[in-house]
Each structure stands twice: as C-alpha cells, then as structure tokens.
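Structure, as structure tokens:
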Amino acid sequence: MEDMTKKTVEDSTPILELDDLYVHYRSEGNIIKAVNGVSLKLGRRETIGLVGETGAGKTTTALAVMQLLPDATARIDRGDILYNGESLLRKSKGEMRAIRGALISMIFQDPMTALNPIKTVGAQIMESLTIHNYEHKSKAELEARVDELLELVGIKAIRRNEYPHQFSGGMKQRVLIAVALACQPQVLIADEPTTALDVTIQAQVLALIEELKEKLGTSVIMITHDLGIVAQTCDKVAVMYAGEIIEDGSVEDIFLGEHHHPYTVGLFNSIPKLDDESNRLHPIDGLMPDPANLPPGCPFSPRCHQCMEICTREHPAITYQKGSHRIKCHLFAGGEG
Amino acid sequence: MMGDALIKTVDLKKFFRVKGGILHAVDGINLEIPKGKTLGVVGESGCGKSTLGRTIIRLLDATSGSVFFDGQDVMQAKGKEMEEMRRQMQIIFQDPFSCLNPRMPVYKLIAEPLEIHRVYRHSADLSKRVIQLMDTVGLARRFLNSYPHEMDGGRRQRVGIARALALNPQFIVCDEPVSALDVSVQAQILNLLMDLQSAMGLTYMFITHDLLVVRHIADEIAVMYLGQCIERAPAKQLFREPLHPYTKALLSAIPIPDLGQRRKPVMLHGEVSDPIDPKPGCRFARRCSQCTEKCTQQDYPLREVSPGHFVACQRYQ
C-alpha cells in the first residue's frame, strides 16, 4: 500500500507541462499567430494525442518544446514550458543541447528529408550517442548500442553501414525512431510519424512505439490528424484549432463524451466510418482561418453551424468542464458544465 | 455484367526496363467497370495501381493485353479515333499542385482542354463554359484570375476536377484525389465526386491507399499486390469477408476511430519488394503466415468463390 501511495505522488507531477504558451512568427510585417495559449500536461508513461488539421499549430507547439523554432522569425511571446517542473525557456543553449535528444526527443514527419543522405544510418545513430555520452562509455560500447538500437526497431545490424537511400520509407522511419530513442528519452514527440507510410508499415511502427513505451517508460506526444490512430494509441487527447486547444480530455471523453466542441463533431463527421451505410459525409464548410488574420471572437465561428451572436464578438474561455473533459465554446456557457 | 462494362481490360501488362531486370508493374490484370459505377483499386506504394490507371487511359502504352472502352480497343485506336477517346477518358491526379501549370491562372487552366480539342469557336462560349464548370465544382468566381499557388489544396483539387470534367468525359481515373488533403476538405471533395457521378452518370476508377475512403466511395474493390489483382469483390462484401491473407492483413491494419474496436492488427513482416523478374508462384508468399510449399510452385489466377467475389490464393483453388 505504502509503495502505491508513493508512486501516485511521484506520478502526479507531469513530466512535461505547457503553460499558456504563445508562439508568434513575424514575417514581412505580418504577425502569424501560430500558437495561442496552449496548456497541456503530459503524465509519466502517458500518450497524448495532439489532433488537428494543417495549420492548427501542432508542429509549432512541438518545435517550441524542442526549442527548435527559427530564431529569426519565431518568438515565444508568453507562457512557459516545464520539463519535470523546470522551465525549459530559462535554460541556456548548452543546457538545452544536453536535454534535446537525451531527455526529450522528436520523430520528424518526413523520413525522406530528416536523415542526412551522405552519412550511413549507423553513423547517424552514433551521433546522438556520442553527443550525449555522459557515462563516458567506450567506443566499442557505443558501437554495440547502435547495433542494439537497430535490432530494436527491426533492422538487421549488418545494415548499419548502408545509406538512407538504400532503405524504403518504412525502414527510414525506423532509423529515425532509433535516433530518437538512442538515449532513452523521457519524452518522445512523434510528429505524424506514419503519415508517409502504408497501412501495414504504419501498424508496425505504431506497435513499435507502444512496445518501447512499455519497455522504457517513455511518455509520448502523438501529433496526428488521424482519429483512428488516436483511438488505437492515446490515453489523452487535445484537439487543436487555429493555435488553441479547443477541447481536451481522456480518450474516452473525446470519443464517448456527452458534449463536444462543434469542430470536434465536424472532424468526426468528416471521416468515412466502417459501419456506415449512408453515402454522404458531413464535412465542415470552409477552411481553417489564416493565422495572420484570425477572426475576432471564437476562431471557429465563421465555419460553425451553431454560431451565435456572442461567438463573433467574444473569445470563449473554458465553458464546459466535467472531470478531465474541457471544452472552449459559448454553447456551454449556460452553466451546463 | 459483361454487356454493360464501360471499361474492360484483358490480361493487361505494363513492364518497365530497370537496372537489374524487367519490372512487372502491371502483370496480367483483367477487370471490368460497369457504366456509372466506381471500381476502387487499393494497394500499397509500388503495387502498380497508378500505372494501371495510366495504362488504361493510354497515358502509358501497354506492354501487352488490351483495354476496351465501350467495346472499342483503346490500344489500337489512331488519329481522330484516339482523340475522340481521349475526350471520353480523363484523370484527376493526387497532387493538384504539381499537375497544374504554375504560370496559368484558373481561367486558362480550365479552358486549356477545351482549347486543345477546339470545342468552341467563339471565346464568349468558352468563357461561359469555364464559369459553368467553376460553378459545377464549387469554385467561387472570384478565383477566375488566381494562380495555383494562391489557392489551398482543396480549391486546387477543384480546379483539377473542373479540367477533367471540361470535355464531358464518361470515364475518370481518380488517382489518390484526396490523399493530400485535410480530413474536412477531403470529405468536401468526396461528396463533390459522388454528386458529379450521380448527376452525370460518370464511371470512376478510384485509386487509393485509404481503405476507409474506398469503402465509402466504391461499388467494387480490387486489391493489388506487386502488379497483380489478388482479390476483387463488392465493396461491403470485401470488408465483411476478406479471403486473401494479404487483404485480411491490410484491413486489420486500418486504425479504426472507435474505442470499442481497439485491436491487435495482423502484423506483416518485411516489406513490399519490387516485382523485378518475379518468379512463378504467389507474390505474397514470402510475407504470408499461411504459406505452404504449393504457393511458390505455380501462379494461382483469380477464381470466383462466391458470386462476384474473386480471390487468387492457393487455398481457394
């Protein structure tokens, strides 16, 4: 019993926390409001699905955590990013370099461009290990670790001296996963890790991430637009729209909850269902607003079927809260929450 | 079904000479698409589905075999006859950015096929038709002078569809037309394609790797693996009762957006290889969990196991 209480206390500090994060890009006199007040808590051994369409600000959020935003144009205007309770924004470049890749790492979306074409895959995994070689392991030990990592992601170790172009898309994605996992990170950010892959390979990659999560106790932020992947892999879900989380909760809240944000409803209605016999989909009209020119009030209001007068005027706060389930929408302002 | 097939292929083959041998991209495809219906063609990258689509409308010349459009032999058609057939058979591409000329505004892009085929003598008629096509595909008239880079993916795809519709075709190959689009926009385009089909009686060959989309839009589905069709069945039937081990693995790998159906997919080991100088026998045998000695000894053709349901697998011979 005692052990269990101790464990809960330790587990209750989130490994990663985003607190009211704002990221804006400045270009040619425009201010592009990519991320607008995102708050998120990632628990240990947890997988959060960050869901939304192109331009919702998912990748910018991920790059902000990694501190890989382009210096020239992007700025974190407000908010904080806490890793294990410590602010990442106050870390020096050197400190951040020690964290990035070792404690927090990222699988990038496109395996075709994320690997260096003129270095062998073994060398690229090795790079990550030598940069973060805090235990001063010998060269031979590191070499052995490279082989181990390749086998872990299902690539025969004898292929370590091959170049990226000698691998197929699915295999390249595995190499990227091996690089990301080389130092056994506490947090793994997977940015659409399977979008470029075929379904059978996608299933292999998702199963691999799941297996590693169990073996290494990694927490995962799964960035995706595929609600199927969310249902199959995530514990919690945050739905993003125009740089904001407009609804979040446990995966049960999002898939089975009583109330939803109209955008979440639209997303679900846009995908063909397996047991659906009807021939018409019910898409959301219109398009995601331009982040350089967000509408006043609720950013979804121009596309919303249930838009009210207040929606075009006032930005909604969290109006519905039931357990972990939260929604930002004026529809629930009547005290339904 | 024979009588009303708009498209029919007989042992259609398309090979490419590559380093290391002959790549059998399309290797003996027999299919029929009835008028007004949609055949979905699914398979993973490199299975030859796009090559099949392009060979049927003769963007590529077949290595052997034939294609019949409304009873006419497409491969033998010449001059005027071929020109007329090209009007009837169109294609919508996956990436509406790379298939549209970046230096042409929307008006010019949609007018281009009409100009090539000299449909109108007066420019007033031509512009009337362009406007009409923009209305048909749901493109606001204010985009008339916009260039492709000024539009989002969904609108670009609408331009691609307007171009394909310009000459009033009967048959359209849709090659992954929604794969590059966000889900909400994807649904808009799928609805548009289905509306156009019922309004104009169009016949589609719908090529995709997205199995939920194909189930939604297709009447019949053909599953391809390394250049061959390994199973063909009415869409709902295929999802209800897949027979080929590859089809089973493919269907079980779809992540279903439903918590009630969290499940373990059938894991396939290895990857799709290239069909370069393939040996006889089932091409899936190397990855198949139910592979026996028999599988690699000879080819197994598609066999009808129940009405309209065909499968090429040794276990159903």
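Protein chains in written order, with my numbering: chain A, 1 to 337; chain B, 338 to 654.
All C-beta atoms in this analysis are idealised placements derived from N, C-alpha and C, irrespective of residue type, glycine included.
B:L563 and B:R620 do touch by the CB rule: their CB atoms are close to 4 Å apart, below 8 Å.
At a C-beta separation below 7 Å, A:T200 has these neighbours in chain B: E381, A586, L587, A590, L605. Contact between the segment 12-23 of chain A and the segment 83-102 of chain A is established, with three or more Cβ pairs separated by less than 8 Å. Assignment of beta strand (DSSP E) within the segment 28-72 of chain A, counting only whole runs of 3 or more residues, yields 30-42, 47-51 in chain order. Any Cβ of chain B closer than 8 Å to the Cβ of A:I177 would place that residue at the interface, and such an atom is absent.
Distances from the CA of B:R500 to each of B:G365, B:P644, B:S610, B:L437 were compared; the closest alpha carbon is that of B:L437. The DSSP-derived three-state label of A:R97 is helix.
By DSSP's assignment, A:A190 forms a beta bridge with A:I107, A:M222. Judged by DSSP in its simplified three-state form, B:M426 adopts strand. For A:G101, the CB contacts under 7 Å within the same chain, skipping 5 residues up- and downstream, are S128, I131, H132, C183 in chain order.
Take the alpha-carbon of B:D556 and the one of B:E381: they are about 20 Å apart.
Contact between the segment 488-507 of chain B and the segment 420-429 of chain B is present: three or more C-beta pairs spanning the two stretches fall below 8 Å.
In this structure, A:I327 sits away from A:R303, with a CB-CB distance that is not shorter than 8 Å.
In the structure shown, A:H325 adopts extended strand secondary structure according to DSSP, grouped into three states. For the pair B:L518 and B:G475, the CB atoms are not nearer than the 8 Å cut-off. Note that the C-beta distance between B:L463 and B:L451 is below 8 Å.
When secondary structure is reduced to three states using DSSP, B:G358 falls in the strand class. Listed along chain A is no residue with a C-beta nearer than 7 Å to that of B:L376; the closest approach is about 16 Å.
Contact between the segment 197-216 of chain A and the segment 585-594 of chain B is established, with three or more Cβ pairs separated by less than 8 Å.
In the three-state reduction of the DSSP assignment, B:C625 falls in the coil class. Note that the C-beta distance between B:P433 and B:S483 is not below 8 Å. Rounded to whole angstroms, the separation of the alpha carbons of B:L539 and B:F352 is 30 Å. The beta-carbon distance between A:L142 and A:M126, rounded to whole angstroms, is 6 Å. This is short enough to meet the 8 Å contact definition.
Listed along the chain, the chain A residues whose CB falls inside 9 Å of the CB of B:H546 are D198, V199. A check of alpha carbon separations from B:L349 across B:L368, B:F576, B:K616 identifies B:L368 as the nearest. Within the segment 510-530 of chain B, contact with chain A at the beta-carbon level (separation under 8 Å) is assigned to D519, V520, S521, V522, Q523, A524, Q525, L527, N528.
Listed along chain B are D519, each with a C-beta nearer than 7 Å to that of A:T54. A distance below 6 Å between beta-carbons, with the five flanking residues on each side excluded, links B:A570 to the following residues of its chain, in chain order: H646. Just measuring C-alpha positions, the residue of B:I526, B:V648, B:K573, B:P615 sitting nearest B:Y583 is B:V648. Against A:V251, the close residues of chain B are L596, in the order they occur along the chain (beta-carbon pairs closer than 7 Å). Excluding five sequence positions before and after B:S516, the CB atoms of its chain that fall closer than 6 Å to its own CB belong to Q431, given in chain order. Classified as buried, B:V551 has 16 or more neighbouring CB atoms from the shown chains inside 10 Å of its CB. Using a CB distance cut-off of 8 Å, A:A238 does not count as an interface residue toward chain B. Secondary structure note for A:V205: its alpha helix (DSSP H) is the uninterrupted segment 199-216. Here A:V35 really is in contact with A:G243; their C-beta atoms are around 5 Å apart, less than 8 Å.
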